[in-house]
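Visitor: Numbering (our numbering), first residue to last: 3 to 115.
Cβ coordinates follow ideal geometry from the N, Cα and C atoms, glycine included.
Quick one: the structure is below, questions incoming.
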């Protein structure tokens, strides 16, 4: 059964990330996605990975868009107030189940680091 988060702030963050992904705005995506405690150097390195590896970017962006839409999300664990774990099949790879974790720190939803 498809599932979307019940937390409006988290859904807004997912929609924002999905929009960045759809527009191929990798820098804005990374700035909004990485954990708040991620160092500028680590953030820059992550952006370099996503900029240099189109397959990695395609996989991540399609996963985030799938989570935002909710159509292929099989379940969400966590209280969706401080933590949400999304379970869904990989958009490209058959028989590859994925889970992505978002946590809320100081009112800001980010990927768990």
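1) Can you find at least 3 beta carbon pairs, one from the segment 85-92 and one from the segment 60-77, that sit closer than 8 Å?
2) Can you tell me which of 88, 97, 37, 26 puts its alpha carbon nearest to the alpha carbon of residue 109?
3) Taking DSSP as the reference, what is the three-state secondary structure of residue 100?
4) Quick check: what's the CA-CA separation for residue 96 versus residue 6?
5) Once you ignore the five residues that flank residue 23 on each side, which residues in its own chain have a CB closer than 7 Å to its CB?
6) Measuring only the C-alpha atoms, how far is residue 46 from residue 100?
Guide: This is what the structure holds:
1) yes
2) 37
3) strand
4) 22 Å
5) 31, 63, 66, 67
6) 25 Å
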